[in-house]
Each structure stands twice: as C-alpha cells, then as structure tokens.
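The sequence shown lines up with residues 12 to 547 when you count with my numbering.
Idealized CB from N, CA, C, for every residue including glycine.
Everything on this sheet refers to the single structure shown next.
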Amino acid sequence: MAQRLGLGFGLILSLMILLSLIGINRVSFIDTTLSEVSAGATVKQRNAINFRGSVHDRAIAIRDVVLVDEPSSQLADIKRLDGFYQTAARDMDQLFASQGASADEQRLLGEIKRIETATQALTAELLRLRQAADPAATKRFLLTQVSPGYSAWLKAINAFIDYQEDVIGKDLAQVRSTAGGFQLLILLATGIAMLLSILVSVLIIRQLISTLGAEPQAVAEAIKRLAKGELGQRIETRHPDSVMGALRDMAGHLAETINQVRSAAAELARSADQLLSTSSSNSQQIRLQSSEAEQMAAAVHQMAATVSEVAGYAASAASATRSAHGEVASGNQVVSETASAMQTLAKSLEDAANQVQQVSSDTANIEKIIEVITAIADQTNLLALNAAIEAARAGEHGRGFAVVADEVRSLATRTQDSTREIRGMIGALQEGVGQAAEVMRSSRQLAQQTVEQTHQAETALNKIRTEVTAINDMNAQIASASEQQSQVAETVNQNISRIHDATLGTAAGSEQVASSSRELAALAQRLTEKVSFFKL
Numbered sequence: 012m013a014q015r016l017g018l019g020f021g022l023i024l025s026l027m028i029l030l031s032l033i034g035i036n037r038v039s040f041i042d043t044t045l046s047e048v049s050a051g052a053t054v055k056q057r058n059a060i061n062f063r064g065s066v067h068d069r070a071i072a073i074r075d076v077v078l079v080d081e082p083s084s085q086l087a088d089i090k091r092l093d094g095f096y097q098t099a100a101r102d103m104d105q106l107f108a109s110q111g112a113s114a115d116e117q118r119l120l121g122e123i124k125r126i127e128t129a130t131q132a133l134t135a136e137l138l139r140l141r142q143a144a145d146p147a148a149t150k151r152f153l154l155t156q157v158s159p160g161y162s163a164w165l166k167a168i169n170a171f172i173d174y175q176e177d178v179i180g181k182d183l184a185q186v187r188s189t190a191g192g193f194q195l196l197i198l199l200a201t202g203i204a205m206l207l208s209i210l211v212s213v214l215i216i217r218q219l220i221s222t223l224g225a226e227p228q229a230v231a232e233a234i235k236r237l238a239k240g241e242l243g244q245r246i247e248t249r250h251p252d253s254v255m256g257a258l259r260d261m262a263g264h265l266a267e268t269i270n271q272v273r274s275a276a277a278e279l280a281r282s283a284d285q286l287l288s289t290s291s292s293n294s295q296q297i298r299l300q301s302s303e304a305e306q307m308a309a310a311v312h313q314m315a316a317t318v319s320e321v322a323g324y325a326a327s328a329a330s331a332t333r334s335a336h337g338e339v340a341s342g343n344q345v346v347s348e349t350a351s352a353m354q355t356l357a358k359s360l361e362d363a364a365n366q367v368q369q370v371s372s373d374t375a376n377i378e379k380i381i382e383v384i385t386a387i388a389d390q391t392n393l394l395a396l397n398a399a400i401e402a403a404r405a406g407e408h409g410r411g412f413a414v415v416a417d418e419v420r421s422l423a424t425r426t427q428d429s430t431r432e433i434r435g436m437i438g439a440l441q442e443g444v445g446q447a448a449e450v451m452r453s454s455r456q457l458a459q460q461t462v463e464q465t466h467q468a469e470t471a472l473n474k475i476r477t478e479v480t481a482i483n484d485m486n487a488q489i490a491s492a493s494e495q496q497s498q499v500a501e502t503v504n505q506n507i508s509r510i511h512d513a514t515l516g517t518a519a520g521s522e523q524v525a526s527s528s529r530e531l532a533a534l535a536q537r538l539t540e541k542v543s544f545f546k547l
C-alpha cells in the first residue's frame with residue numbers, strides 16, 4: 012500500500028518537477044529573448060527613430076532657412092537637431108560595440124553614415140549659398156541636391172528601422188511560438204497529471220478498500236461496536252484478507268472464546284458449590300470422627316485400668332500359690348496339721364477360683380471393649396478412605412487433606428492390628444483363666460479328700476505341690492500377659508490421641524477447603540460478570 016502510494020505520488024511529483032523545469036527553461040528563453048529585444052533591437056530602433064526625427068525636422072528647418080528672411084531661429088534648430096542626432100549616433104555606436112551587430116545592421120548603418128556625410132556636406136553648401144544672398148541658386152540647390160539627399164537619408168534610416176522591426180517581429184514571433192508551445196505543454200502536462208491523479212486516486216481507493224474491506228466509516232463503526240462488546244454484529248466484506256475480514260474472523264473467534272469462558276465459569280461455579288457442599292459434609296464427618304475418637308480414648312483408658320486390675324489379681328493369685336506351696340512344705344513335716352491346712356487351702360483355693368472367675372469375666376468385658384475399638388477403627392478407616400477420595404476430587408487444594416487422611420487410615424489399620432493382638436492375648440488369658448479355674452476346683456476337691464483321707468496326705472501334698480507350681484507358672488504367664496496388654500493399651504491410647512490430633516488437623520484443612528471453595532465461587536461470579544460485557 013505504502014509503496015503504491017509512494018509510486019503514484021512520486022510519479023505525479025516527477026511530472027510536476029519536469030513541467031517546472033521545462034517551464035523555467037521556456038520562461039528563461041522568453042525572458043532572454045524579450046531582454047535582447049528590449050536591450051538590443053528596440054534600443055537600436057529607438058535610436059534610428061531619433062535619427063529619423065532629427066533628419067526630418069532638420070529638412071523642414073533647412074527649407075525654412077531658404078524661405079524666411081531671418082533664419083536665425085531655424086539655424087539654431089538645425090544645430091540643436093544635429094546635436095540630438097549625434098547623441099543618438101554615439102548611443103548607436105556604443106550599442107553596436109557592446110552587443111555586436113549583424114552584417115545587415117552594419118551595412119544599413121554604414122549606408123546611413125555614408126548618406127549622412129554626403130547630405131551634411133550638401134547642407135553646409137546650401138547654408139553658404141543662403142548667406143551669399145542668392146535666393147534663386149539657393150532654392151534650386153535645395154530642390155535638386157539637398158532635398159534628394161535628405162530623402163535618401165530618411166530612406167536609409169527607414170530601411171534600418173524596418174530591419175529592426177523585422178528583427179523584433181521575428182523575436183516576438185519566436186517568443187509567441189515558445190509561449191504557445193509552452194501553453195500547449197502546460198495543458199498537456201496538466202491533462203496527464205490529472206489523468207495520473209485520477210488513476211492513482213482510483214488505484215489508492217481500490218487498494219484502500221481492498222485493505223480495509225469496506226469504507227473507512229464502516230470499518231470505524233465495526234471497530235467501535237467491537238470495542239463496546241458487540242460480538243454478534245454482522246460484518247460483511249468481499250475481501251477476506253482485509254481489515255474487515257480480520258475483524259470478522261476475530262469477532263467469531265472471540266465469540267467462541269467468550270462462550271467457552273462462560274461455560275467454564277458456570278462449570279467452575281458448579282464445581283465450587285459441589286466442593287463447598289463436600290467440604291461441609293467432610294467437616295460433619297470429621298467432627299463425628301473426633302467425637303468417636305474421644306469415646307474410643309475413654310474406652311481404651313478404661314481398658315488400661317481393667318488390665319491393671321487383672322495384673323493385681325494375678326499378683327494376688329501368685330501370692331496365694333506361694334502360701335499354698337509353704338503349707339505343702341509344712342504338711343510334709345506335720346501330717347497332723349494337714350486337715351487344718353487343707354481346709355485353709357481349700358478356702359484359699361475357693362477365693363482364688365472366685366478371683367479367676369472374676370478375671371475371666373473382666374477379660375470378657377475387655378473383649379467387648381476391643382470389639383468397640385475394632386468397630387471404631389473400621390469406621391475411622393472408612394472415613395479416612397472417603398476423605399482421601401474427596402481430597403483426590405479436590406485436586407491441589409485437597410493434597411494436605413489427603414496426606415492427613417492417609418495417616419488416619421494408617422493409624423486405623425494399626426489400631427485394628429493391635430486390637431487383633433489384644434484379642435488373641437485375651438483369648439489366651441481366658442484359656443489360662445479357665446485352666447486355672449479348673450485347677451482351683453481340682454485343688455479344692457483334693458483338699459477335701461485330704462481332710463477325709465489324711466493317710467494319703469503325703470501323696471496328695473506332692474500332687475498339690477506340683478499343681479501349685481503349675482498355678483504359679485500360670486500366674487506368671489497371666490502377669491506377663493497383663494503387662495503386655497497394658498503396653499498395648501497404652502500404644503492404642505497414643506494412637507487414638509494421634510488420630511484425634513489428625514482429625515483436628517483434618518477439620519482445619521476441611522475448613523480451609525470450604526473457604527477456598529467460597530473464594531472460588533466468588534471468582535467464578537466475578538468472571539461471569541466480566542464476560543457478560545460481551546454481547547453475542
């Protein structure tokens with residue numbers, strides 16, 4: 012576009028410059044010619060006219076000298092006219108000397124000077140005759156000699172004037188020819204310039220229309236409407252690569268983009284609402300989990316107390332078996348005191364049986380508590396799994412929540428493993444307690460038989476010693492199992508505390524997710540408001 016504009020205007024400018032140069036040349040020629048005419052032929056002609064005037068007036072004055080009686084004034088005129096003639100002659104000579112002269116001019120001027128010399132001599136002779144007072148001879152000489160001389164002189168001067176007139180006419184004709192040619196050239200150049208201007212204008216307009224795709228006003232109006240957000244306007248153009256074509260394509264692409272942004276904003280708002288709802292549900296589940304964790308901690312604490320009580324019972328049983336062992340030793344020495352000792356032993360064994368029965372009952376309660384802990388751990392594991400799923404849906408915002416959920420699920424798994432171990436230990440404890448109870452019953456029967464059959468005391472005491480030793484071993488096993496159960500209960504308690512802390516952290520993360528969801532919903536609303544500026 013710029014190259015074509017530059018080429019068109021450059022062509023017109025070049026034509027104008029060429030026309031100006033030709034005009035300057037022609038005007039310079041006309042000026043030179045007119046200057047030559049004014050300073051040359053015209054001056055020469057004017058001097059020649061002065062010649063003629065002087066000669067003509069002198070011829071009249073000379074005639075009057077012959078005719079009047081007192082010629083003094085005429086003689087003065089003749090002298091004055093001669094001086095006027097000589098001044099013009101000097102100017103003519105200087106002009107010929109400074110500017111030069113053609114051969115015809117020199118010939119004509121030479122003829123004038125020759126006749127001047129001859130006629131001046133005749134004039135002097137005529138004046139001499141006039142002074143001699145011979146009127147008849149003077150008149151005759153005037154008519155026959157002087158008058159023809161002045162006539163020839165005027166004829167030569169007129170020939171010189173006519174020659175200069177011809178020179179001036181030729182120069183003026185050349186000037187007129189040059190001026191006419193220049194006028195024709197000006198008209199022709201003006202016509203060509205107008206045609207070129209029209210052609211360039213048409214080409215520029217066509218190129219401009221091709222570039223813009225429509226009239227500039229239509230392009231400006233389309234741009235203004237696009238600036239106002241009117242993307243649904245109808246843009247028509249026959250030039251797809253023009254500005255209007257680009258505007259049409261841009262409006263289409265922009266409308267498609269705005270539609271996509273609107274859809275994305277709506278989807279973002281829906282996702283934000285769904286995330287907020289999920290976060291609220293998670294918060295409720297986490298609060299429930301925290302409450303259940305607190306309950307589970309209380310239950311484990313109670314289980315630890317029960318385990319301590321079982322350990323006390325086991326210690327009492329160990330003490331009782333040691334006493335029984337002492338009694339058996341004493342019975343070996345004092346058979347007579349066997350019945351009394353066996354009675355005491357029977358009562359002690361009965362108490363021990365009751366205590367073992369109590370231990371069995373307590374272990375059953377512990378197993379129920381373990382079942383509660385197992386159910387809580389299963390619920391915690393399920394909640395942690397749900398929380399991990401929701402965190403995965405939340406994407407980047409739920410990453411921290413997913414880590415906490417994984418930790419909670421790990422703790423729940425460990426709790427399940429610990430409860431299984433505790434359940435196994437409790438089963439072993441119940442089995443041992445059952446065996447101890449059976450032994451207690453057997454010992455009591457033996458003690459009664461010992462009272463009734465004192466003669467079998469030594470044998471019975473040996474059996475009792477053996478059984479008491481077994482009971483002591485069982486009590487040691489019960490004490491060891493109780494210690495392990497206490498440690499496991501403490502571990503479970505610590506795990507539950509960590510679960511509770513993790514639950515609190517998860518609750519804080521859930522609140523943060525909810526806050527982020529609300530901010531995301533507000534952002535989607537602002538995006539929707541911004542996009543609503545565009546009209547599709």
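Among the options, the one whose alpha carbon lies nearest that of residue i
| i | options | result |
| --- | --- | --- |
| serine 248 | Leu242, Glu241 and Arg259 | This sequence places threonine at residue 248; serine is not what is there. Cα-wise, what sits closest to threonine 248 is Arg259. |
| alanine 70 | Leu138, Gln110 and Ala108 | Leu138 |
| valine 79 | Ile387, Gln446 and Arg141 | Arg141 |
| alanine 170 | Leu195, Glu501, Val542 and Arg118 | Arg118 |
| leucine 133 | Lys546, Ala144, Gly121 and Lys150 | Lys150 |
| histidine 466 | Gln495, Glu348 and Glu442 | Glu348 |
| arginine 425 | Ile437, Gln441 and Asn504 | Asn504 |
| glycine 21 | Ile172, Ser208, Leu32 and Asp115 | Ser208 |
| glutamine 296 | Ala395, Ala340 and Glu463 | Ala395 |
| glutamate 407 | Gln523, Glu378 and Leu422 | Gln523 |
| glutamine 366 | Ser288, Gly445 and Val542 | Gly445 |
| leucine 576 | Ile33, Arg298 and Ser65 | This structure leaves residue 576 out entirely; the chain is present only between 12 and 547. |
| aspartate 177 | Leu26, Gln56, Ala147 and Gln456 | Gln56 |
| proline 146 | Asp75, Ile215 and Thr130 | Asp75 |
| leucine 440 | Gln495, Ala405, Ser65 and Leu299 | Gln495 |
| arginine 537 | Leu279, Asp373 and Gln228 | Leu279 |
| serine 359 | Thr98, Val383 and Ser330 | Ser330 |
| serine 319 | Glu136, Glu501, Leu26 and Lys546 | Glu501 |
Spatial distance of residue i from residue j (CA atoms)
| i | j | result |
| --- | --- | --- |
| isoleucine 269 | glutamine 244 | 15 Å |
| alanine 277 | lysine 239 | 23 Å |
| asparagine 36 | isoleucine 220 | 42 Å |
| glutamate 122 | glycine 192 | 39 Å |
| valine 48 | glutamate 81 | With a pLDDT of only 47 at valine 48, under 50, the local geometry of the prediction cannot be trusted, and no value is derived from it. |
| isoleucine 437 | alanine 413 | 35 Å |
| glycine 520 | glycine 411 | 7 Å |
| alanine 112 | valine 54 | 13 Å |
| glutamate 8 | arginine 434 | Because residue 8 is not part of the residues shown, which for the chain are 12 to 547, the question remains open. |
| histidine 312 | glutamate 530 | 43 Å |
| leucine 45 | leucine 120 | Residue confidence for leucine 45 is low, a pLDDT of 48 falling below 50, so the modelled location carries little weight; the figure read from the coordinates is stated next. C-alpha separation (whole angstroms): 23 Å. |
| glutamate 449 | arginine 333 | 18 Å |
| leucine 154 | glutamine 194 | 57 Å |
| alanine 257 | alanine 231 | 13 Å |
| alanine 375 | glycine 323 | 17 Å |
| arginine 476 | glutamate 469 | 10 Å |
Beta-carbon separation (whole angstroms), residue i vs residue j, contact threshold 8 Å
| i | j | result |
| --- | --- | --- |
| alanine 316 | glutamate 338 | Going by Cβ atoms, the distance from alanine 316 to glutamate 338 rounds to 33 Å, so no, they are not a contact pair. |
| glutamate 3 | glycine 409 | Nothing can be reported for residue 3: it is not among the residues displayed for the chain, which extend from 12 to 547. |
| serine 294 | alanine 525 | 7 Å |
| alanine 72 | aspartate 88 | 4 Å |
| asparagine 61 | phenylalanine 95 | 7 Å |
| valine 462 | glutamine 354 | 6 Å |
| alanine 398 | alanine 423 | Between alanine 423 and alanine 398 the Cβ distance is about 11 Å, and since that is not below 8 Å, they are no contact. |
| aspartate 115 | tyrosine 174 | 6 Å |
N-terminal and C-terminal residue of the alpha helix (DSSP H) that residue i is part of
| i | result |
| --- | --- |
| threonine 155 | Neither: threonine 155 is in no alpha helix (DSSP H) and is coded neither H nor E. |
| proline 227 | 227–238 |
| valine 77 | 53–78 |
| serine 242 | Checking the sequence, you will find leucine at residue 242 rather than serine. Unbroken run through leucine 242: none, as it is neither H nor E. |
| arginine 91 | 83–110 |
| lysine 124 | 114–142 |
Counted within 10 angstroms of its Cβ, other Cβ atoms place residue i as buried (16 or more) or exposed
| i | result |
| --- | --- |
| glutamine 344 | exposed |
| methionine 255 | buried |
| alanine 386 | exposed |
| alanine 50 | At alanine 50, the pLDDT of 49 sits below 50, so the modelled position is not reliable; the number obtained from the coordinates is stated separately. Counting Cβ neighbours within 10 Å, alanine 50 comes out exposed, since fewer than 16 surround it. |
| alanine 52 | buried |
| threonine 430 | buried |
| serine 454 | buried |
| glutamine 110 | exposed |
| alanine 275 | exposed |
| isoleucine 168 | buried |
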